[in-house]
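Residue numbers for the sequence shown, in mature numbering (1 follows the signal peptide of the UniProt record, and there is no 0): -44 to -1, 1 to 315. The beta-carbon is built from N, C-alpha and C at its ideal position, and this holds for glycine as well. A short write-up of the structure that comes next.
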Amino acid sequence: MAATLGPLRWWQKWRRCLSARDGSRMLLLLLLLGSGQGPQQVGAGQTFEYLKREHSLSKPYQGVGTGSSSLWNLMGNAMVMTQYIRLTPDMQSKQGALWNRVPCFLRDWELQVHFKIHGQGKKNLHGDGLAIWYTKDRMQPGPVFGNMDKFVGLGVFVDTYPNEEKQQEAQKRRYSPGVQRVFPYISAMVNNGSLSYDHERDGRPTELGGCTAIVRNLHYDTFLVIRYVKRHLTIMMDIDGKHEWRDCIEVPGVRLPRGYYFGTSSITGDLSDNHDVISLKLFELTVERTPEEEKLHRDVFLPSVDNMKLPEMTAPLPPLSGLALFLIVFFSLVFSVFAIVIGIILYNKWQEQSRKRFY
């Protein structure tokens, strides 16, 4: 059910509606509002937003490439097309990603993702979905929707294939532990590098929350928005063609460091789909804070979630230097020789005592 539209949702609804059309209508609206340039006010006099072009991507995708001047890099099977960037084609065993080269140091932000998932596969014969990332590391291929496992940061997953359900069918179980999920399914995960994404259970053990999102093979635009304000993570979707945001996930107490990278990735296995990204738009949100909030919202250096304990990271032992290795080997040999000498002495004494008993 669509959430009630307040001042914030009203503006987001019309911005969503106009962004899907030609830019002239947006310009006309801005002129009518008397704000041809500069920030747009979002909310009741407390929040302003600015489009950050260095973290945004839209047609004709001029900032995508492999050069040093490119703002976005492709990886794997990802390709730039005229109307979209295809992360993976509808083919088996493909993997692709798109990563921003510029680290994000914004305190409060909102990321709008315009995407499309479609293919020839019938019900439950397609996969695997795509992910949107805000992580410490970039361009690291791996098994988690095309990205590395044990990542550091935030991952939002649009999962189109129910691995857990198929596993339960194979084991002939009649019920599912916990709440039954309907796929496609959107979920979120915060990781400090110590957790693995559980593919067999579709990330259930580590998810912050989720919702069903029927996003595949639709004939209208599908959008996802990730909003991070005052350590409050909100994920909403517009997938019904009504230009209205629907709530999906809302988690307070999410602590994300600044200086991480935005990206999106996808992977296919035995099943496949086309996973396309049409645009990524990042908005800086300027939010008023009280002095108490300023003290509470200081920068953090490792992702975490209040009231959710993540395993501590174990720092790897530093490698031994050449001198340390030599000393270890030297004293080991000395100890071995000493032990052999003591053993020989004790053995000789035992033999002498044995001979005395016979004489």
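Exercise for review: Under 7 Å Cβ to Cβ from His10, same chain only, skipping five residues before and after it: list those, please.
Suggested key: Here residue 10 corresponds to residue number 54 of the sequence shown, with the count starting at 1. The question names His, but residue 10 is Glu in the sequence shown. Excluding positions up to five away in sequence, the list reads Leu27, Val58.
Point to revise | Residue burial classification, Thr22 (beta-carbon count within 10 angstroms, cutoff 16) | key: As a first step, residue 22 is located in the sequence shown; it is residue number 66 there, counting from the start. It is exposed - the Cβ of Thr22 has fewer than 16 other Cβ atoms within 10 Å.
Point to revise | Distance, Gly219 Cα to Lys50 Cα | key: Numbered from 1 along the sequence shown, position 94 holds the residue referred to as residue 50. Numbered from 1 along the sequence shown, position 263 holds the residue referred to as residue 219. A straight-line Cα-Cα distance of about 17 Å links Lys50 and Gly219.
Point to revise | Where the alpha helix (DSSP H) containing Leu252 begins and where it ends | key: On the sequence shown, residue 252 is found 296 positions in, with the first residue counted as 1. For Leu252, the enclosing alpha helix (DSSP H) covers residues 247 to 252.
Review point. Pick from Gly77, Ser143, His74: whose alpha carbon is nearest that of Ile88?
Key: On the sequence shown, residue 88 is found 132 positions in, with the first residue counted as 1. Considering only alpha carbons, the answer is Ser143.
**Study point:** Per DSSP, the bridge partner or partners of Ile41
**Key:** Here residue 41 refers to the residue found at position 85 when the sequence shown is read from its first residue. Ile41 is bridged to Val36, Val233.
Check your understanding: Based on the DSSP secondary-structure assignment, which residues constitute the bridge partners of Ala295?
Key -> The residue given as residue 295 occupies position 339 in the sequence shown. Paired residues: none, contrary to the question.
Check your understanding: Since Asn148 is in the beta strand (DSSP E), which residue starts that stretch and which ends it?
Key -> As a first step, residue 148 is located in the sequence shown; it is residue number 192 there, counting from the start. 141 to 148 is the extent of the beta strand (DSSP E) around Asn148.
Check your understanding: Hey, quick one: how far does the beta strand (DSSP E) through His74 stretch, first residue to last?
Key -> Here residue 74 refers to the residue found at position 118 of the sequence shown. Taken as a continuous stretch (DSSP letters only), the beta strand (DSSP E) holding His74 covers 65 to 74.
**Study point:** Assigned secondary structure, Leu212 (DSSP; H/G/I helix, E/B strand, else coil)
**Key:** Counted from its first residue, the sequence shown places residue 212 at position 256. In the structure shown, the three-state DSSP call for Leu212 is coil.
Point to revise | Reduced DSSP secondary structure (H/G/I, E/B, other) of Gln309 | key: Translated into positions along the sequence shown, residue 309 becomes position 353. Helix at Gln309.
Practice item. Give the secondary structure of Ser260 by DSSP, where H, G and I count as helix, E and B as strand, and everything else as coil. Key: Here residue 260 corresponds to residue number 304 of the sequence shown, with the count starting at 1. It is a strand residue.
Exercise for review: Determine the direct distance from the alpha carbon of Ser24 to that of Gln136, and round the result to whole angstroms.
Suggested key: The residue you call residue 136 lines up with position 180 of the sequence shown. The residue you call residue 24 lines up with position 68 of the sequence shown. Whole-angstrom Cα-Cα distance: 47 Å.
Exercise for review: Under 6 Å Cβ to Cβ from residue 317, same chain only, skipping five residues before and after it: list those, please.
Suggested key: Residue 317 falls outside the range modelled here, since the chain spans only -44 to 315, and no answer is possible.
Point to revise | Reduced DSSP secondary structure (H/G/I, E/B, other) of Leu62 | key: The residue you call residue 62 lines up with position 106 of the sequence shown. If DSSP states are grouped into helix, strand and coil, Leu62 belongs with coil.
Review point. Touching or not, the stretch 197 to 204 and the stretch 232 to 242, by the rule of three or more beta carbon pairs under 8 Å?
Key: no
Exercise for review: Inspect the beta-carbon positions of Tyr184 and Val210 and report whether they are closer than 9 Å.
Suggested key: The sequence position of residue 184 within the sequence shown is 228, counting from 1. The sequence position of residue 210 within the sequence shown is 254, counting from 1. Yes. Within cutoff.
Exercise for review: Could you tell me if Ile41 is buried or exposed, where buried requires 16 or more neighbouring beta carbons within 10 angstroms of its beta carbon?
Suggested key: For the purposes of this step, residue 41 is identified with residue 85 of the sequence shown, where counting begins at 1. By the 16-neighbour rule on beta-carbons within 10 angstroms, Ile41 is buried.
Point to revise | Extent of the continuous beta strand (DSSP E) to which Ile182 belongs | key: The residue you call residue 182 lines up with position 226 of the sequence shown. 178 to 185 is the span of the beta strand (DSSP E), which, as asked, contains Ile182.
Check your understanding: Within 10 angstroms of its Cβ, does Arg94 collect 16 or more other Cβ (buried), or is it exposed?
Key -> One-based indexing of the sequence shown puts residue 94 at position 138. Classification of Arg94: buried, given that the 10 Å Cβ count is 16 or more.
Review point. When the cut-off is 9 Å and only beta carbons count, does Arg187 lie next to chain B?
Key: Protein chain content of the structure displayed is limited to a single chain, and chain B is not contained in it.
Review point. When DSSP builds the beta bridges, which residues end up paired with Val108?
Key: On the sequence shown, residue 108 is found 152 positions in, with the first residue counted as 1. Under DSSP, Val108 takes part in a beta bridge, and its partners are Asn148.
Check your understanding: Can you check whether the CB of Gln39 is closer than 9 Å to the CB of Ile234?
Key -> For the purposes of this step, residue 234 is taken as residue 278 along the sequence shown, with counting starting at 1. For the purposes of this step, residue 39 is taken as residue 83 along the sequence shown, with counting starting at 1. Yes, the pair counts as a contact, with Cβ atoms nearer than the cut-off.
Check your understanding: Which of helix, strand or coil does DSSP assign to Ala280?
Key -> By 1-based counting over the sequence shown, the position of residue 280 is 324. Residue state, collapsed to three classes: helix.
Point to revise | CA nearest to the CA of Glu156, picked from Met37, Met193, Gln307, Val100 | key: Residue numbering aside, residue 156 sits at position 200 when the sequence shown is read from its first letter. Glu156 has its Cα closest to that of Val100, out of Met37, Met193, Gln307, Val100.
Exercise for review: Find out if the Cβ-Cβ distance for the pair Asp46, Gln76 is shorter than 9 Å.
Suggested key: Indexing the sequence shown from 1 puts residue 46 at position 90. Indexing the sequence shown from 1 puts residue 76 at position 120. For the pair Asp46 and Gln76, the CB atoms are nearer than the 9 Å cut-off.
Point to revise | For His11, three-class secondary structure by DSSP | key: Counted from its first residue, the sequence shown places residue 11 at position 55. Correct three-state label for His11: helix.
Review point. Taking the C-alpha atoms as reference points, what is the distance between residue 322 and Leu110?
Key: With the chain represented from -44 up to 315, any question about residue 322 goes unanswered, as that position is not in the structure.
Review point. Rounded to the nearest angstrom, how far is the Cβ of Ser221 from that of Gly19, given a contact under 8 Å?
Key: Translated into the one-based positions of the sequence shown, residue 221 becomes position 265. Translated into the one-based positions of the sequence shown, residue 19 becomes position 63. No, Ser221 and Gly19 are not in contact; Cβ-Cβ is about 18 Å, not under 8 Å.
Practice item. Kindly indicate which three-state DSSP category Val207 falls into: helix, strand or coil? Key: Your numbering for residue 207 matches position 251 in the sequence shown. Strand.
Check your understanding: Which of the three DSSP states, helix, strand or coil, is assigned to Ser221?
Key -> Position 265 of the sequence shown, counting from 1, holds the residue named residue 221. Correct three-state label for Ser221: strand.
Practice item. Please check the pair Tyr217 and Asn29, which I expect to be a contact at CB under 8 Å, by giving their CB distance rounded to whole angstroms. Key: Taking the sequence shown and counting its residues from 1, the one referred to as residue 217 is at position 261. Taking the sequence shown and counting its residues from 1, the one referred to as residue 29 is at position 73. Their Cβ separation, rounded to whole angstroms, is 10 Å, which puts Tyr217 and Asn29 out of contact at 8 Å.
Point to revise | Buried or exposed by the 16-neighbour rule on C-beta atoms within 10 Å, applied to Pro247 | key: On the sequence shown, position 291 is the one that residue 247 refers to. It is exposed - the Cβ of Pro247 has fewer than 16 other Cβ atoms within 10 Å.
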